[in-house]
Amino acid sequence: MNSIVHKQLFEEHYRSLCHFAWKLCGDATEAEDLAQDAFISYYNHEDHISTHQGAIKNYLYTSVRYAFLNSKRKERVVEKYWLNSPFNECSHDSLELSIIHSEVIAEVYKIVESMPAGCQVVFKMGYFEGLSNQEISKELNISINTVKTQKQRGLKTIMKKMNPELLPLALIFYSML
Numbered sequence: 000m001n002s003i004v005h006k007q008l009f010e011e012h013y014r015s016l017c018h019f020a021w022k023l024c025g026d027a028t029e030a031e032d033l034a035q036d037a038f039i040s041y042y043n044h045e046d047h048i049s050t051h052q053g054a055i056k057n058y059l060y061t062s063v064r065y066a067f068l069n070s071k072r073k074e075r076v077v078e079k080y081w082l083n084s085p086f087n088e089c090s091h092d093s094l095e096l097s098i099i100h101s102e103v104i105a106e107v108y109k110i111v112e113s114m115p116a117g118c119q120v121v122f123k124m125g126y127f128e129g130l131s132n133q134e135i136s137k138e139l140n141i142s143i144n145t146v147k148t149q150k151q152r153g154l155k156t157i158m159k160k161m162n163p164e165l166l167p168l169a170l171i172f173y174s175m176l
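Each residue of the sequence shown is one higher than the one before, counting from 0 in numbering that gives the first Met the number 0.
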């Protein structure tokens, strides 16, 4: 693969891999390391991996999972006691849910990045940072009605642009918040 294809692959999957890794380890820095290591592993072994997008995606997620599990195993050896380690093997179902959740989050982030600047700022503050309408209004020096309108526009944009396959899942995850 050439560097342009590598860059596209990285841009397409990095954010969702980081989110998946973060769901496993709970640490943003470690999650980024795990995601980057997955890409390095893929680049080192790409001659032996199918060029099918599903196979590549599966390899990347599996690499993150195994890298996480290996890091936890090493941690246990250092600590010497199982009870001192926060390691819990995840069931297959919870891993699939984490992957799906990561894909939904990545899709939402991609759509948010395409929103107009004002709408994007209000949407991020309201939904990603958890600020109230009043706090956003005060910080941006805009009316509460403007905040509400921008948040509604953002939600409509997401509903309109969301991959139809992911939309029901996004609604389920949103209702769980």
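Even for Gly, the Cβ is constructed at its ideal location relative to N, Cα and C.
Selection from L8, N140, M161, K150 that minimises the alpha carbon distance to N57: Ranking the options by Cα distance to N57, first place goes to L8.
Select from Q149, A54, H18 the residue whose C-alpha is nearest the C-alpha of A34. H18
The alpha helix (DSSP H) enclosing H44, as first and last residue numbers: 27-44
Do you know offhand how far V103's Cα is from E164's? 10 Å
Per-residue DSSP class, three states only, for L130: Here L130 sits in coil by DSSP.
Among E74, R75, E45, which residue has its Cα nearest to the Cα of S62? It is E45 whose Cα lies nearest to the Cα of S62.
Backbone CA spacing between A20 and E29 [nearest angstrom]: 8 Å
Leaving aside the five residues before and after A197 along the sequence, list all residues of the same chain whose C-beta is less than 7 Å from its C-beta, in chain order. With the chain covering only 0 through 176, there is no way to say anything about residue 197.
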